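Heads up, the thing below is written out as structure tokens.
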Amino acid sequence: MERTLAIIKPDAVRRGFVGDIIKRIDASGLKLRALRLMHLTRAQAEAFYEVHKERPFYKSLCDYMSSGPVVIAVLEGERAIPRWRELMGATDPKKADAGTLRKDFGIDVEQNAVHGSDAPETAAREVAFFFSSLDIVS
Ligand code: CMP
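Residue numbers (the working numbering): -4 to 133.
Here it is in structure tokens:
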């Protein structure tokens, strides 16, 4: 069993896609183990995306991620990390496969509807960033 962190980003929450995206998660067989609605402060967005600090899009990304509420979830299942990434699709919605969340709900390479951890170490850090063990249903 593997756990991963999923975020439904401000563009998707703002446009009313939370229900659609959670429905896709349920249909995929991945299990919701924790769920919260949060409006990140800029400092929280900066800390979460610290790994991208040197990237040219970092400032804009942090502005965007703190621009409105997000839905944050812990997903669990066999191969949860790659399965959630497959469901999300490529970072740029224009390059994402048909039927993926980013293709269907993303706007552009920044406002791309959803986030997912990219590796087990990242998932552990990202889950712990938002949730304590008491928040996660086992
Ligand atoms: P995410 O998977 O959350 O990881 C980092 C985020 O930075 C990414 O999704 C996008 O929201 C954003 N991002 C990645 N590449 C670019 C880019 N070239 N220009 C703007 N934003 C980007």
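Heads up, the beta-carbon is just placed ideally off N, CA and C, and yes, glycines get one too.
Given the structure is predicted, the values throughout are model-derived calculations rather than measurements.
Buried or exposed: which applies to Glu121, given that a residue is buried once 16 or more other Cβ atoms fall within 10 Å of its Cβ?
Position 126 of the sequence shown, counted from the start, is the residue given in the question as residue 121. Under this definition Glu121 is a buried residue.
If you scan the region 92 to 117 from start to end, which runs of the alpha helix (DSSP H) of 4 or more residues do you find wholly inside it?
96 to 100
In this structure, what does DSSP give as the bridge partners for Glu121?
Stepping through the sequence shown from its first residue, residue 121 is reached at position 126. None; Glu121 has no bridge partner.
Can you tell me whether His34 sits near the ligand CMP, meaning its C-beta is under 7 Å from at least one heavy atom of the ligand?
Here residue 34 corresponds to residue number 39 of the sequence shown, with the count starting at 1. No; taking the cut-off as 7 Å, the Cβ of His34 has no heavy atom of the ligand CMP nearer than that.
Whole-angstrom C-beta distance between Val65 and Leu35, which should lie under 8 Å
For the purposes of this step, residue 35 is identified with residue 40 of the sequence shown, where counting begins at 1. For the purposes of this step, residue 65 is identified with residue 70 of the sequence shown, where counting begins at 1. At roughly 6 Å, the Cβ-Cβ gap stays under 8 Å, so Leu35 and Val65 are in contact.
From the DSSP output, in three-state form, read off Met33 for me.
For the purposes of this step, residue 33 is taken as residue 38 along the sequence shown, with counting starting at 1. Three-state DSSP puts Met33 in a strand.
Runs of beta strand (DSSP E) wholly within the region 28 to 77 (minimum 3 residues, chain order):
65 to 72
With H, G and I counted as helix, E and B as strand and the rest as coil, what does DSSP make of Leu82?
To locate residue 82, count along the sequence shown from 1; it is residue 87. Here Leu82 sits in helix by DSSP.
Do Gly111 and Thr(-1) have their C-beta atoms within less than 8 Å of each other?
As a working mapping, residue 111 is identified with position 116 in the sequence shown. As a working mapping, residue -1 is identified with position 4 in the sequence shown. Contact: yes.
Examine the ligand CMP and report whether any of its heavy atoms sits within less than 7 Å of the Cβ of Val66.
To locate residue 66, count along the sequence shown from 1; it is residue 71. No, the ligand CMP has no heavy atom inside 7 Å of this Cβ.
Arg9 - containing beta strand (DSSP E), residue span:
By one-based count along the sequence shown, residue 9 stands at place 14. Per DSSP, Arg9 belongs to no beta strand (DSSP E); it is in the alpha helix (DSSP H), 5 to 9.
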